[in-house]
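Engineer: When we follow my numbering, the leftmost residue of the sequence shown carries the number 33, and every step to the right adds one. Glycine is no exception: its CB is placed at the ideal position from the N, C-alpha and C atoms. Here's a structure for you.
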Amino acid sequence: MSLLRLDKFLADAGLGTRSQVKLLLKKGLVTVNGEAAKKPEQKVDPENDFILCGGTSLSRQEFYYYLLNKPAGYVSATEDNTAPTVLSLLKDAPGRELFPVGRLDKDTEGLLLVTNDGPLAHRLLSPRYHVDKTYLVRAAGIVTESDLSSLENGLDIGEKSPTLPAKARLLALQSDSTPASQKAGSGQETSLVELTIHEGKFHQVKRMFQAIGHPVLYLRRISMGNLVLDEALAPGEFRALTPEEIVALKAL
Ligand code: URA
C-alpha cells in the first residue's frame with residue numbers, strides 16, 4: 033500500500049495543478065470515504081480509499097495512464113538487475129501492474145507511455161496500426177537532402193524488407209566550435225533532424241541513421257500518436273494523461 037498526499041493524488045488524476053486542486057478542496061468538492069476532505073496534506077490510499085470529486089469517483093480506477101519524460105540511464109522494463117527501470121520513477125503513482133508501452137533504449141530520452149491497460153498497449157504497438165512516433169535526433173556529420181530522402185523512402189537496416197516510408201526534416205546544423213574542442217582538433221559538425229516513423233523495429237532510428245552513415249549521438253522521442261511530450265515535465269517527471277488524451281489514444 034502506498035499512501036499519497038491528497039493534493040498530489042488529485043493532480044495526478046488530472047484535476048489540475050496542485051494550486052488548482054487546493055481550490056477544489058477548499059470548496060468542499062472532494063470526499064474521501066464519504067467524509068469531506070479539505071486538507072491538501074491528508075494522506076490517502078488510492079487503491080483502497082473511495083475518493084470522489086463533485087460526485088465523480090476518482091479512485092478504484094481499473095486503468096491508469098501516465099506520460100513519462102524518460103531520462104537517459106533508465107531501462108524501459110518492469111525489472112532489471114543492471115540499471116534502474118522507468119517504473120522506479122513512478123513508484124508513488126497510483127495503479128497496479130504498470131508497464132511501459134514499448135521500449136526506448138537506455139540512453140534515449142523522452143515520451144514514454146506507462147499504463148496497466150494491456151489491450152490499449154497491444155494496439156499501440158501492433159505493426160497493423162502504424163502509430164506515428166516522432167524523434168528528435170542529433171546525428172554525427174552533415175545530413176544532406178539525399179540522406180533525408182533515403183530516410184523517407186525506406187532503408188535496408190538488415191531486416192527482411194526496407195523500412196516503411198517516413199518523414200524526415202533537417203532542423204539545424206551545428207558545429208562544436210568551443211575553444212577546447214578546436215584546440216584539441218576535435219570540432220565536430222552535427223545535424224539535428226526530426227524523424228517520424230510508423231513502425232518500431234529494435235533500435236530502428238539508430239539503425240536508420242547508421243545506414244546513411246550518420247550515427248546517432250542523442251535521441252529523444254517527442255510524440256507518439258496524439259501524445260506530445262509535455263515540455264513542462266523535466267526528465268524523470270511524469271503526469272497522468274488528461275481524459276481527452278486517453279479518449280484520443282483509444283481512438284487511434
Ligand atoms: N529507435 C532507437 O534506435 N532507439 C530508441 O530508443 C527508439 C527508437
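(1) Under a three-way DSSP split, which group does Lys70 fall into?
(2) In or out: Leu55 buried (at least 16 other Cβ within 10 Å) or exposed?
(3) Thinking C-beta only, is Ala172 closer than 9 Å to Leu287?
(4) Could you give the C-beta distance for Asn148 and Tyr96, rounded to a whole number, given that I count them as a contact under 8 Å?
(5) Less than 7 Å between C-beta atoms, sequence neighbours within five positions excluded: which residues of the same chain meet that for Pro197?
(6) According to the neighbour-count rule (16 or more other Cβ atoms, all chains shown, within 10 Å of its Cβ), is Phe241 buried or exposed?
(7) Excluding sequence positions up to five away, which residues of its chain have a Cβ less than 7 Å from the Cβ of Thr49?
(8) The beta strand (DSSP E) spanning Ser221 covers which residue range?
(9) Compute the Euclidean distance between the alpha carbons of Ile278 and Ser89, then round it to the nearest angstrom.
(10) What residues come near ligand 1, if near means a beta carbon less than 6 Å from any of its heavy atoms?
(11) Whose CA, out of Asp124, Glu221, Gln236, lies closest to the CA of Leu227?
(12) By how many angstroms is the C-alpha of His154 removed from the C-alpha of Leu261?
Structural biologist: According to the structure shown:
(1) Three-state DSSP puts Lys70 in coil, outside helix and strand.
(2) exposed
(3) Because the chain here runs from 33 to 284, residue 287 falls outside it and cannot be looked at.
(4) About 6 Å; that satisfies the 8 Å criterion.
(5) Glu184, Asn185, Gly186
(6) buried
(7) Ala43
(8) Reading off the sequence shown, one finds Glu at residue 221, where the question assumed Ser. Note, Glu221: beta strand (DSSP E), 221-229.
(9) 17 Å
(10) This selection yields Leu136, Asp137, Thr140, His235, Gln236, Val237, Lys238, Leu251.
(11) Gln236
(12) 21 Å
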